[in-house]
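Asks:
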Amino acid sequence: MQKQLPFTESFLRSLTEKWPTPFYLYDEAGIRSACRSLNSAFAWAPGFREYFAVKALPNPWILQITREEGLGADCSSLPELVLSETAGMTGEHLMFTSNNTQGHEYQRARDLGAIINLDDLTHIDYLQQTAGLPELVCFRYNPGPAREGNVIIGRPEEAKYGFMEAQLFEGYRILQQAGVQRFGLHTMVASNELNGDFFVETARMLFDLAIRLHAETGVQLEFVNLGGGIGIPYRPEQQPVDLAAVGAGIQALYEQMIVGTALHPLRILMENGRMITGPHGYLITTAIHHKHIYREYVGVDACMANLMRPGMYGAYHHISVPGKEDQPHDQLVDVVGSLCENNDKFAIQRALPQIEAGDLLVIHDAGAHGHAMGFQYNGKLRSAELLLREDGSVQQIRRAETQDDYFCTLDLDSFRTAMGH
């Protein structure tokens, strides 16, 4: 089975005349469509908002697109806050969810009016001392053994994130005593989950907890944030999550559990990254070498420093060879980069058509946690990022790094002086 591409081989060849491979290419139309599909699935929910997880694709051009589609930004660091502000998002369009956070980061989040989502009971006092408690505070809930995470995110009780349930009750009481007037509740128990029922059950868990919190503490939650984790079909045989079914399932629970109670209207928030941009990003690379030893290898000009997921997680990313889609996929090869690590492989024993030096390879579903996770081991330089606009034009949204960029943080002048050079 093959995945479809929103561009042709000749189109890619024309891009390589200006931007040498490797580079990332993002499809604006696809990103907008993903935003609209999620918003449509929750159109019934009062005040629903998706906060795009900036860590998935931290680029202001992308954040501008998501902002135009009504999304906020989920940030986990000061630079992500600044990127979001650059794209025009401030106030409660920002969610600041971090852990082991420094005081100056909390202060910037407060200055921007972001919703601050605390990760631990001790962070209440830390926030109060370093930046002051804002009007609205949210807590991240870790259900521990009461809820199983999925295979990627692991067991909640082994995760470093969030409050235990008893700590939540204590934390909200502390906030009340400190004069905080507005409250939210958050969790994150899945990553790249393709079973839509998982998210319905997450909503059930948070609705139940919201009801009990209100009964025992009087806390009137404004929202529950179901987190992110909606997966994408990396493999051709997989199916995407049925967003409409997820929305309908959560709506049924909302009407059953929340409507008619003091909590209604209770806003529903989410913070997906992968499902918004993941399927709409491609790493374009060129075949440069072949090696015939115990296995057949195709060497390309990208490497694990450009896309970490296959080497780090053993993750599957589909690979297309534009112009050879209809040729027999009868060559069993490892597709590898030039990093001095044996796990620098984009594919292992993958059936592909006969690949010649100079062929372009497209690595699919690289629009989330791709370029963002890049690194410079072996002196590798991060690649350019390009945006395929809806009108068919292409915009460079990040230039490729140069050797000067790699050396720019070294104090070479002092070194040369010390060495007498």
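Following the numbering used here, the numbering of the sequence shown begins with 3 at its first residue and continues without gaps.
The beta carbon of each residue, even a glycine, is placed where N, CA and C say it ideally should be.
Keep in mind that this is a model prediction, so the values were computed, not measured.
Taking just the CA atoms, how far does Pro267 sit from Glu203?
Replies: 20 Å
Asks: For the alpha helix (DSSP H) holding Tyr284, just list the boundary residues, first then last.
Replies: Taken as a continuous stretch (DSSP letters only), Tyr284 belongs to no alpha helix (DSSP H), being part of the beta strand (DSSP E) at 283-294.
Asks: Go ahead and pull the three-state DSSP assignment for Thr263.
Replies: coil
Asks: Enumerate in chain order the residues of its own chain whose CB-to-CB distance from Arg352 is below 8 Å, with the five nearest sequence positions on each side excluded.
Replies: Ile321, Leu334, Val335, Asp336, Val337
Asks: Do the stretch 274-285 and the stretch 227-237 make contact, defined as three or more Cβ pairs closer than 8 Å?
Replies: By the Cβ test, the stretch 274-285 is in contact with the stretch 227-237, since at least three Cβ pairs between them sit closer than 8 Å.
Asks: Leu40 lies in the alpha helix (DSSP H); which residues open and close that run?
Replies: 30-43
Asks: Quick one: using the 10 Å Cβ neighbour count with 16 as the cut-off for buried, is Ile154 buried or exposed?
Replies: For Ile154, the predicted model reports a pLDDT of 47, less than 50, meaning its position is unreliable; a value from the coordinates is still stated below. The residue in question, Ile154, is exposed, as its Cβ has fewer than 16 Cβ neighbours within 10 Å.
Asks: Could you compute how far the alpha carbon of Thr287 sits from the alpha carbon of Glu392?
Replies: 23 Å
Asks: According to the Cβ coordinates, are Leu271 and Phe225 closer than 7 Å?
Replies: yes
Asks: Quick one: grab the DSSP three-state call for His366.
Replies: coil
Asks: Since Met272 sits in a beta bridge, which residues does DSSP pair it with?
Replies: Glu52
Asks: Going by DSSP in three states, Ser322 sits in which element: helix, strand or coil?
Replies: strand
Asks: Which residues share a DSSP beta bridge with Ile117?
Replies: Met97
Asks: With 16 as the cutoff for other CB atoms within 10 Å, does His423 come out buried or exposed?
Replies: It counts as exposed.
Asks: Please list the segments of the beta strand (DSSP E) lying wholly inside the stretch 129-211, counting only runs of 3 or more residues, in order along the chain.
Replies: List check, beta strand (DSSP E) in window: 138-143, 184-189.
Asks: When DSSP labels each residue in this structure, what does Lys57 get in the three-state scheme?
Replies: helix
Asks: Could you give the DSSP three-state label for Leu245: helix, strand or coil?
Replies: helix
Asks: Report the rounded CA-to-CA distance for Ile33 versus Phe54, giving the unit in angstroms.
Replies: 11 Å
Asks: Near Val182, what residues of its chain come up, given a Cβ to Cβ distance below 6 Å and the 5 sequence neighbours on each side ignored?
Replies: Leu135, Val139
Asks: Just the C-alpha distance for Phe44 and Tyr28, rounded to the nearest angstrom, thanks.
Replies: The alpha-carbon atoms of Phe44 and Tyr28 are separated by roughly 25 Å.
Asks: What residue from Asp127, Ala47, Tyr108 has the CA that sits closest to Ile118's CA?
Replies: Tyr108
Asks: I need the DSSP call for Arg400, collapsed to helix, strand or coil.
Replies: strand
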